[in-house]
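Everything below concerns the one structure shown next.
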Amino acid sequence: MKQNSLKDWFKSGAPGVWISGGAVSIAVIMTIGLLAVIAVRGLGHFWPADLVHANYDVPGQANHLVIGEVVQKEEVPRARLKSAGLPVPDQGPEFMTRELIKVGNRDLNGNDFTWIVGEWLTNQSYPKELMAIERREWGNFYGYLVNVKESGKVIAEGEAAWPELQARIDRVNKLAAQLKTLEKSDIGAINAGLERIRLHGRKLELDGKLDAAAQADMDAERAELNARYQDIEARLSDLHAQFNRDSLTARDANGKEVEIGLGKVVHAYQPNAMGTFTKIGFYFSKVWEFLSDDPREANTEGGIFPAIFGTVMMTLIMAMIVTPFGVLAAVYLREYAKQNTLTRVIRIAVNNLAGVPAIVYGVFGLGFFVYVLGGSVDRLFFPEALPAPTFGTPGLLWASLTLALLAVPVVIVATEEGLARIPRTVREGSLALGATKAETLWKIVLPMASPAMMTGMILAVARAAGEVAPLMLVGVVKLAPSLPLDGNYPYLHLDQKIMHLGFHIYDVGFQSPNVEAARPLVYATALLLVLVIATLNLSAVWIRNHLREKYKALDS
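So that you can map any letter, position 451 of the sequence shown is 451 in full-length UniProt numbering, and since no number is skipped, the others follow by simple counting.
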């Protein structure tokens with residue numbers, strides 16, 4: 001009886017259901033676990049960790065002091081440390097502690113990070129006076145504040161130095177924001193205007209229409225822009241003088257005093273003196289800075305806003321391109337084309353295109369879009385700019401088109417499946433009521449198939465937004481802090497190169513000279529890329545569900 005019950009249980013398909021459910025559960029748990037690891041390692045980087053001040057007593061060597069932030073601890077065999085050349089005694093426990101400490105002061109020490117043996121650290125303390133200075137260059141500086149200077153004259157020292165330093169750093173950061181606005185917006189607008197005048201003059205010259213009146217008009221516009229530039233240059237000179245006026249004197253672990261201009265300082269804080277709520281506030285301010293600021297220090301410091309903007313902008317342009325072309329191709333194949341051998345071959349080709357390696361699309365985009373199509377556009381519409389390319393060089397438009405080409409098979413297949421699910425009786429009923437085939441398609445069929453179209457777009461965004469290999473050839477670069485959308489005509493610069501979160505991960509993770517500093521940023525950027533793609537997909541899912549509810553009555 002039990003044997004028959006077991007056979008019936010297997011015949012019912014219940015084991016398959018349990019196996020499938022278990023596999024899905026394992027996949028979900030693994031995905032959540034992976035995201036949790038990425039989040040902890042990435043977001044933990046922004047927490048203001050305490051600074052340790054200790055003696056480092058290496059056997060047989062002179063003792064020296066160490067100030068830094070403990071980043072990682074691990075147990076390693078004693079033999080491994082000895083094989084690395086460290087003076088480890090032969091006798092002792094099998095394992096010893098090795099610690100990675102961020103000591104900063106790269107301009108003095110040469111390295112931001114160093115591995116030390118934990119057992120050799122003695123007299124460890126966490127003085128509240130220890131400070132961390134985040135600089136625009138050379139990374140962090142760890143040490144003690146000695147005094148604050150204005151134009152080389154000491155104005156505060158001792159306990160009065162710290163509040164004075166904070167006030168002057170706030171002042172410098174406001175000046176930095178003004179300088180950034182002037183250099184990027186105002187001077188950028190003037191440079192764009194001068195370049196527009198130059199190209200206009202060159203175009204008139206090529207057309208044989210450059211006469212004295214046109215030249216006089218251009219000279220007048222150029223003179224006006226130059227006068228504006230002189231005013232801005234005077235303001236810049238004054239701001240730079242104020243920006244570089246103040247400085248601080250800091251003392252490192254070994255008592256060496258260093259003068260640091262406040263123009264190079266972004267933040268100064270004393271983590272050992274900060275309470276829990278103060279650290280939480282500082283943490284969120286650092287996360288916001290990471291999301292909203294420009295990168296610096298070979299992309300290992302600062303923020304990644306240009307990469308976020310470039311990723312979202314390129315994905316949106318790709319979606320606007322791929323959706324109509326994919327839908328039109330699917331409508332033709334399903335509604336108008338004769339279902340013969342040629343149509344089947346086309347469908348097989350579309351399905352095979354979805355499996356082509358992404359780098360192949362990048363090579364095609366570089367060869368066709370950039371060199372052939374872009375070069376032709378330059379010769380036809382921008383001859384005055386030649387030999388400098390306008391669209392004959394990798395840029396935002398070609399990157400979006402390449403991704404659209406990569407994703408269009410997904411949209412075609414999803415839309416065709418949606419069209420195939422619409423009952424034939426719906427079409428026949430519309431035609432019987434006097435509607436034409438085009439009216440039936442536009443007013444009945446396409447609205448009912450719109451959820452399937454959105455599904456195709458969701459899949460296209462999911463695949464294209466995370467691609468990196470083709471983008472390296474058609475428009476994505478390591479550093480492009482100028483956004484492709486600004487206040488200068490034509491406002492959206494489709495010819496401009498952009499940054500991308502996926503390429504930023506590759507660049508920081510594999511091309512950075514400072515590996516230890518780059519590692520947490522790789523995790524943080526990877527988490528952000530996942531969140532950006534999830535946000536885009538969830539937005540499309542919400543639209544699809546809204547359309548599905550709207551046309552449910554027609555479907556029934």
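A virtual CB, placed ideally from N, CA and C, is assigned to each residue, including glycine.
Because the structure is a prediction, the values reported are computed rather than measured.
For residue j and residue i, the rounded distance between their alpha carbons
i, j, result
"isoleucine 498", "threonine 455", "28 Å"
"alanine 385", "threonine 181", "28 Å"
"histidine 493", "alanine 216", "29 Å"
"histidine 45", "isoleucine 133", "16 Å"
"alanine 349", "glycine 355", "10 Å"
"serine 539", "isoleucine 321", "18 Å"
"valine 146", "alanine 268", "13 Å"
"arginine 463", "valine 408", "11 Å"
"threonine 440", "leucine 446", "9 Å"
"glutamine 257", "aspartate 170", "The question names glutamine, but residue 257 is glutamate in the sequence shown. Taking the straight line from one Cα to the other gives about 23 Å."
"serine 151", "leucine 248", "11 Å"
"tyrosine 126", "arginine 251", "16 Å"
"histidine 504", "lysine 478", "7 Å"
"glutamate 129", "glycine 188", "43 Å"
"glycine 466", "methionine 472", "13 Å"
"glutamate 301", "proline 295", "6 Å"
"leucine 86", "isoleucine 19", "52 Å"
"valine 88", "asparagine 254", "25 Å"
"residue 641", "alanine 480", "Absent from the model: residue 641. The displayed extent of the chain is 1 to 556, so no value can be given."
"valine 17", "serine 5", "17 Å"
"serine 512", "proline 520", "12 Å"
"glutamate 335", "proline 490", "39 Å"
"lysine 149", "isoleucine 155", "5 Å"
"asparagine 272", "proline 387", "59 Å"
"methionine 1", "serine 12", "Residue placement at methionine 1 is poorly supported in this model, since its pLDDT is 49, which falls under 50; the coordinates are not used for a value here."
"tyrosine 144", "asparagine 173", "22 Å"
"lysine 279", "arginine 41", "18 Å"
"lysine 73", "leucine 483", "41 Å"
"residue 625", "glycine 375", "No statement about residue 625 is possible, as the shown extent of the chain runs from 1 to 556 and does not include it."
"leucine 51", "alanine 176", "28 Å"
"aspartate 486", "glutamate 289", "21 Å"
"valine 541", "valine 287", "28 Å"
Nearest-angstrom beta carbon gap, residue j and residue i [assumed within contact, 8 Å]
i, j, result
"isoleucine 346", "leucine 366", "Not really, about 26 Å apart at Cβ, beyond 8 Å."
"serine 285", "phenylalanine 305", "Actually they are not in contact, since the Cβ atoms of serine 285 and phenylalanine 305 sit about 15 Å apart, beyond 8 Å."
"tyrosine 410", "leucine 459", "Note that residue 410 is valine in the sequence shown here, rather than tyrosine. So it is a contact: roughly 5 Å between Cβ atoms."
"alanine 399", "methionine 457", "Alanine 399 to methionine 457, Cβ: 18 Å. No contact."
"aspartate 495", "leucine 397", "7 Å"
"glutamate 75", "alanine 49", "Contact doesn't hold; Cβ gap of about 21 Å is too wide."
"arginine 78", "glutamate 94", "6 Å"
"leucine 501", "threonine 525", "6 Å"
"methionine 318", "leucine 403", "4 Å"
"leucine 316", "alanine 358", "In fact, because the Cβ distance is near 19 Å, the residues do not count as touching under 8 Å."
"aspartate 112", "alanine 518", "That pair is no contact at about 11 Å."
"proline 451", "arginine 548", "4 Å"
"valine 530", "glycine 509", "That belief does not hold up - the Cβ atoms of valine 530 and glycine 509 are roughly 15 Å apart, past 8 Å."
"leucine 527", "isoleucine 38", "5 Å"
Buried/exposed call for residue i, threshold 16 Cβ in 10 Å
i, result
"aspartate 378", "buried"
"proline 394", "buried"
"arginine 424", "exposed"
"residue 575", "A question about residue 575 goes unanswered here, because the residues of the chain that appear run from 1 up to 556."
"tryptophan 120", "buried"
"aspartate 507", "buried"
"proline 15", "exposed"
"alanine 62", "exposed"
"aspartate 246", "buried"
"glycine 92", "exposed"
"isoleucine 533", "buried"
"residue 562", "Residue 562 falls outside the range modelled here, since the chain spans only 1 to 556, and no answer is possible."
"asparagine 105", "buried"
"isoleucine 412", "buried"
"leucine 206", "exposed"
"glycine 475", "buried"
Test: residue i CB closer than 9 Å to a CB of chain C
i, result
"leucine 446", "This model lacks chain C altogether, as it is built from one protein chain only."
**Request:** Answer yes if the region 318 to 327 comes into contact with the region 427 to 438, meaning at least three C-beta pairs across the two stretches below 8 Å, and no otherwise.
**Result:** no
**Prompt:** At a cut of 8 Å, does the region 22 to 33 reach the region 261 to 271 through at least three beta carbon pairs?
**Reply:** no
**Message:** Does the contact criterion of 3 or more C-beta pairs under 8 Å hold for the region 54 to 63 versus the region 115 to 123?
**Reply:** yes
**Message:** With three or more beta-carbon pairs closer than 8 Å as the criterion, would you say the region 135 to 150 touches the region 224 to 242?
**Reply:** no
**Item:** Contact between the region 194 to 209 and the region 158 to 166 (3+ Cβ pairs under 8 Å)
**Value:** no
**Request:** May I have a chain-ordered list of the alpha helix (DSSP H) segments no shorter than 4 residues that lie completely inside the region 321 to 377?
**Result:** 341 to 353 and 358 to 364
**Request:** Please go through the region 176 to 248 and give each complete alpha helix (DSSP H) segment of 4 or more residues, from N-terminal end onward.
**Result:** 187 to 207 and 212 to 243
**Asked** Any contact of the region 60 to 69 with the region 94 to 111, i.e. 3+ C-beta pairs under 8 Å?
**Response** yes
**Prompt:** Unbroken beta strand (DSSP E) runs of length 3 or more, entirely within the region 25 to 104: which are they?
**Reply:** 52 to 56, 64 to 77 and 95 to 102
**Request:** Let me know the beta strand (DSSP E) ranges lying completely inside the region 262 to 328, each 3 residues or longer, listed in chain order.
**Result:** 265 to 269
**Message:** Give the list of continuous alpha helix (DSSP H) stretches no shorter than 4 residues that lie fully inside the region 404 to 486.
**Reply:** 424 to 432, 437 to 440, 446 to 464 and 471 to 474
**Request:** At 4 residues or longer, and completely inside the region 527 to 555: list those alpha helix (DSSP H) runs for me, N to C.
**Result:** 552 to 555
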